[in-house]
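Asker: If you read the sequence shown in my numbering, its first letter stands for residue 1, the second for the next number, and so on.
Cβ coordinates follow ideal geometry from the N, Cα and C atoms, glycine included.
Let me begin by handing over the structure; questions about it come next.
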Amino acid sequence: WVDATLSTFPSNDYRLFVGNLAKDIRREQLEQHFSDYPSLALAKICYDKHDGKSRGYGFVSLMDPKDAARAIREKDQTWLGSRPIKVKRSEWKEREEDVVKKGERKENRKRKGR
Numbered sequence: 001w002v003d004a005t006l007s008t009f010p011s012n013d014y015r016l017f018v019g020n021l022a023k024d025i026r027r028e029q030l031e032q033h034f035s036d037y038p039s040l041a042l043a044k045i046c047y048d049k050h051d052g053k054s055r056g057y058g059f060v061s062l063m064d065p066k067d068a069a070r071a072i073r074e075k076d077q078t079w080l081g082s083r084p085i086k087v088k089r090s091e092w093k094e095r096e097e098d099v100v101k102k103g104e105r106k107e108n109r110k111r112k113g114r
C-alpha cells in the first residue's frame, strides 16, 4: 500500500512529526499553530482509512532547516486544543542537517580559526 498523499509534500522539505493531537484538531488548526514560521509549506493530519477518524498525529513541512529546529524547540509540549503536543524530527527522510545541529557550527568556527 502506498499513501498517495505523500506526493503533496515538497520533495526537499524538513518534515516534523506532531504527536498527541486531540481527535477534534483539524488541519487548519495545526497549520495556524505553526504559522509563526515563514517557511511553512504544508500541515497534514493522518486519519484512519477505514473509519475516517484522526489517528492522533500529523506532519508539518517546513522548507528552512532553521525554522524546523526552532519549531521543535518552541512548539514541543505546547498546548494545541486540549492536549500538549509532541514535536520531533520526522524519521521519514534523513537529511544533511549540519546547519541546525548543535556543536557543528562551533567546530566549523574552530577549523576556520574564528
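1. State whether the stretch 7 to 25 contacts the stretch 33 to 47, with contact taken as three or more CB pairs (one from each stretch) at a distance under 8 Å.
2. For a quick check, are the C-beta atoms of residue 89 and residue 58 less than 9 Å apart?
3. When burial is assigned at 16 or more other CB atoms within 10 Å of the CB, is residue 67 buried or exposed?
4. What span of residues does the beta strand (DSSP E) with residue 88 cover, start to end?
5. Within the same chain, show all residues whose beta-carbon is closer than 6 Å to that of residue 56, passing over the 5 residues directly before and after it, in chain order.
6. For residue 13 versus residue 61, is the C-beta spacing smaller than 9 Å?
7. Pick out whichever of 49, 74, 8, 54 has its Cα sitting closest to the Cα of residue 34.
8. Starting from residue 30, follow the alpha helix (DSSP H) in both directions and report where the run begins and ends.
9. Could you have a look at residue 44 and say whether DSSP puts it in helix, strand or coil?
10. For residue 87 and residue 80, I'd like the C-alpha separation in whole angstroms.
Answerer: In brief:
1. yes
2. The count along the sequence shown starts at 1 and reaches residue 89 at position 89. The count along the sequence shown starts at 1 and reaches residue 58 at position 58. Taking 9 Å as the Cβ cut-off, residue 89 and residue 58 do not qualify as a contacting pair.
3. The residue you call residue 67 lines up with position 67 of the sequence shown. Buried, since its Cβ has 16 or more Cβ neighbours within 10 Å.
4. Taking the first residue of the sequence shown as 1, we reach residue 88 at position 88. Counting along the chain, the beta strand (DSSP E) containing residue 88 begins and ends at 86 to 89.
5. Translated into positions along the sequence shown, residue 56 becomes position 56. Closer than 6 Å at Cβ, skipping near neighbours: 21.
6. Counting from 1 along the sequence shown, the entry for residue 13 is found at position 13. Counting from 1 along the sequence shown, the entry for residue 61 is found at position 61. Contact flag set, yes.
7. Position 34 of the sequence shown holds residue 34. Checking every option, the nearest Cα to that of residue 34 belongs to 74.
8. Locating residue 30 in the sequence shown gives position 30, counting from the first residue. Per DSSP, residue 30 belongs to the alpha helix (DSSP H) from 27 to 33.
9. Here residue 44 is taken as the residue at index 44 of the sequence shown, counted from 1. Residue 44 carries a strand assignment under DSSP once its states are collapsed to helix, strand and coil.
10. Counted from its first residue, the sequence shown places residue 87 at position 87. Counted from its first residue, the sequence shown places residue 80 at position 80. Roughly 11 Å separates the two Cα atoms.
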